[in-house]
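In this note's numbering, the protein residues as written are 1333 to 1831. This report concerns only the one structure given below.
Structure representation (structure tokens):
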């Protein structure tokens, strides 16, 4: 009697994020192509695919035509995987007759093997095991055995129909080391996943994947970043903010600093983004973290993603202003993460932001700064698109987001590394200006979508208690240019700045 088994309609890959991209996994009884250059992670994905099947009681088979069984097991052991007996490994290596000394050959190339004999061994092993999942590694060796494009295509079609008759889900690997223009399997396979490995000018390599084809399935298109860690492959699906809309009260959130709230027309709105822009040293981080302290005082949780400043230094500096971030972090009120821009891809950063929001219910997020975020981008032209999705996602979750941007220069005309003011709901501009031989600071709100705000420019100082704002600078012109001119009989400078 033939054994029957009830399997789910899709074979989950067991890879975090990849099943999301594939709309649940691979449809059963079909052939899929996983292609990418050597080192892009094909073998690791294939082993995770089989391990997931073995964990669900399925029979699996790994057919290797490039690596030996010992090499595969060593690679799996390096990641802490003990391949169970339900994962069978078949080595399609040269038959013993070809390695006999009487053959007077010292080196056997893959092209010298008989394709028919290799396929016969494969069929016998498949008939014996009757696997539910098969990984075939790799098609490059199969091309060499076929020696012609026509014979190769016929063999792939034969394997496809044979595996389908058995009800097996097959993952074929292609390392793209032979004919990169050969798209035979693309037309034959039910789905195609393409892996890429990028080498930025500095920092770790970046990996991403894209589903080129998946018949009858609404998969997630575009590129998705992924990493290979000690535990295996993790995929970070591209963030699509429109899929994450929630309902929340659009309350007005105050900073706890009355003059600052007055300048902002009462505060900022929940579910809005605020851009704090200015040259180095103007207190951008302090202003953003003032809202973090206020959020904690309201009983909410906040998150800080620090790209530029070392966390220990940030804790020490903010403590001098009356914000004990270290204590708030230990209490679990504030999530603080040091982000290494050289090691992090944009997709992984988006994933970390989402995880913080989903797992901890955070309502205030600070990204400090956009300059560091820009450095994490493998392609600078995509920065605005990535940030747009992150900000829109946070807004739809009812999160108040603060992004700091350091402008180039100190006085006069200054430039930002990236123009994103149109993305923010509120823009706070910080500037230096010179007056009476002193270097002073001025603050203004130049944009607020969610309500009215002061159109004035206020001088402020950074003191032990945090930000201290003065009255509007009524008798000065040219403050935002950095070179003010007196227009009245008396100055309106902030006396506290001389203290």
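Even glycine gets a Cβ: it sits at the ideal position worked out from N, Cα and C.
Close-in-space but distant-in-sequence residues of the same chain around residue 1659 (CB under 7 Å, 5 per side omitted) | Start at 1 with the first residue of the chain shown, and residue 1659 comes out as number 327. For residue 1659, where only same-chain residues beyond five positions count, there are no Cβ hits under 7 Å.
Proximity to residue 1777 [Cα-Cα], best of 1812, 1568, 1625, 1687 | Reading the chain shown from its first residue, position 445 is the one you call residue 1777. From the listed residues 1812, 1568, 1625, 1687, the smallest Cα separation to residue 1777 is found for 1812.
Assuming residue 1668 contacts residue 1702 under a Cβ cut-off of 8 Å, what Cβ separation, rounded to an integer in Å, is found between them?
-> Residue 1668 sits at position 336 when you count from the first residue of the chain shown. Residue 1702 sits at position 370 when you count from the first residue of the chain shown. Incorrect: roughly 18 Å between the Cβ atoms, too far for contact.
Residue 1571 to residue 1759 span [Cα, whole Å] | As a position in the chain shown, residue 1571 is number 239, starting the count at 1. As a position in the chain shown, residue 1759 is number 427, starting the count at 1. Roughly 24 Å between the two C-alpha positions.
From the DSSP output, in three-state form, read off residue 1376 for me.
-> Position 44 of the chain shown, counted from the start, is the residue given in the question as residue 1376. Residue 1376 falls in the helix class under three-state DSSP.
What did DSSP end up calling residue 1414 once you bin it into helix, strand or coil?
-> Taking the chain shown and counting its residues from 1, one reaches residue 1414 at position 82. It is coil, neither helix nor strand.
Please name the residue in 1494, 1644, 1715, 1726 whose C-alpha comes closest to that of residue 1694.
-> Here residue 1694 corresponds to residue number 362 of the chain shown, with the count starting at 1. Taking the Cα of residue 1694 as reference, the smallest distance to any Cα among 1494, 1644, 1715, 1726 is reached at 1726.
Roughly how many angstroms lie between the CA atoms of residue 1405 and residue 1416, to the nearest whole one?
-> Looking up residue 1405 in the chain shown gives position 73. Looking up residue 1416 in the chain shown gives position 84. Rounded to whole angstroms, residue 1405 to residue 1416 spans 11 Å at the Cα level.
Under the three-state reduction of DSSP, which class applies to residue 1488: helix, strand or coil?
-> Your numbering for residue 1488 matches position 156 in the chain shown. Three-state result, residue 1488: helix.
If you count every other CB in all the chains shown that lies within 10 Å of the CB of residue 1678, and 16 or more means buried, which is it?
-> To locate residue 1678, count along the chain shown from 1; it is residue 346. Residue 1678 comes out buried.
Determine the DSSP secondary structure at residue 1650, reduced to helix, strand or coil.
-> Taking the first residue of the chain shown as 1, we reach residue 1650 at position 318. Residue 1650 falls in the helix class under three-state DSSP.
Selected residue, minimal CA-CA separation from residue 1351, among 1551, 1470, 1730, 1408 | Reading the chain shown from its first residue, position 19 is the one you call residue 1351. When C-alpha distances from residue 1351 are compared across 1551, 1470, 1730, 1408, the shortest belongs to 1551.
According to the neighbour-count rule (16 or more other Cβ atoms, all chains shown, within 10 Å of its Cβ), is residue 1493 buried or exposed?
-> By 1-based counting over the chain shown, the position of residue 1493 is 161. Residue 1493 comes out exposed.
So what's residue 1803 in DSSP terms, helix, strand or just coil?
-> The residue labelled residue 1803 in the question sits at position 471 within the chain shown. Three-state DSSP puts residue 1803 in a strand.
Any idea which residues DSSP pairs residue 1504 with across the strands?
-> By 1-based counting over the chain shown, the position of residue 1504 is 172. In the DSSP output, where bridge partners are listed per residue, residue 1504 has 1365, 1468.
What is the DSSP secondary structure of residue 1671, counted as helix, strand or coil?
-> Position 339 of the chain shown holds residue 1671. Coil, per DSSP.
Looking only at its own chain, which residues have a Cβ that is under 6 Å from the Cβ of residue 1588, when we skip the five neighbours before and after it?
-> Position 256 of the chain shown, counted from the first residue, corresponds to residue 1588. These residues qualify, in order along the chain: 1626.
For the alpha helix (DSSP H) holding residue 1523, just list the boundary residues, first then last.
-> Stepping through the chain shown from its first residue, residue 1523 is reached at position 191. Here residue 1523 belongs to no alpha helix (DSSP H); instead the beta strand (DSSP E) covers 1523 to 1530.
With DSSP collapsed to three states, give me the class of residue 1692.
-> Sequence index remark: in the chain shown, residue 1692 carries index 360 (1-based). The three-state reading of DSSP puts residue 1692 in helix, counting H, G and I together.
Could you say which of 1499, 1418, 1419 lies nearest to residue 1340 if we only look at CA atoms?
-> Here the question's residue 1340 lines up with position 8 in the chain shown. Considering only alpha carbons, the answer is 1499.
Roughly how many angstroms separate the alpha carbons of residue 1596 and residue 1349, rounded to a whole number?
-> The residue you call residue 1596 lines up with position 264 of the chain shown. The residue you call residue 1349 lines up with position 17 of the chain shown. Distance from the CA of residue 1596 to the CA of residue 1349, rounded to the nearest whole angstrom, comes to 40 Å.
Leaving out five residues on either side along the sequence, give the residues of the same chain with a beta carbon under 8 Å from the beta carbon of residue 1680.
-> The residue you call residue 1680 lines up with position 348 of the chain shown. Counting only Cβ-Cβ distances below 8 Å, and skipping sequence neighbours, we find 1557, 1559, 1568.
Through-space distance from residue 1391 to residue 1372, alpha-carbon basis | By 1-based counting over the chain shown, the position of residue 1372 is 40. By 1-based counting over the chain shown, the position of residue 1391 is 59. Roughly 26 Å separates the two Cα atoms.
As assigned by DSSP and simplified to three states, the class of residue 1340 | Against the chain shown, residue 1340 aligns to sequence position 8. Reduced to three states, the DSSP call for residue 1340 is coil.
CB residue 1610 to CB residue 1739, shorter than 8 Å?
-> Locating residue 1610 in the chain shown gives position 278, where the first residue counts as 1. Locating residue 1739 in the chain shown gives position 407, where the first residue counts as 1. It is a contact, given that the beta carbons lie within the stated cut-off.
Can you give the Cα-Cα distance for residue 1424 and residue 1662, rounded to whole angstroms?
-> Here residue 1424 refers to the residue found at position 92 of the chain shown. Here residue 1662 refers to the residue found at position 330 of the chain shown. Residue 1424 and residue 1662: Cα-Cα distance of roughly 56 Å.
Classify residue 1700 as helix, strand or coil using the three-state DSSP reduction.
-> In the chain shown, counting from the first residue as 1, residue 1700 sits at position 368. If DSSP states are grouped into helix, strand and coil, residue 1700 belongs with the strands.
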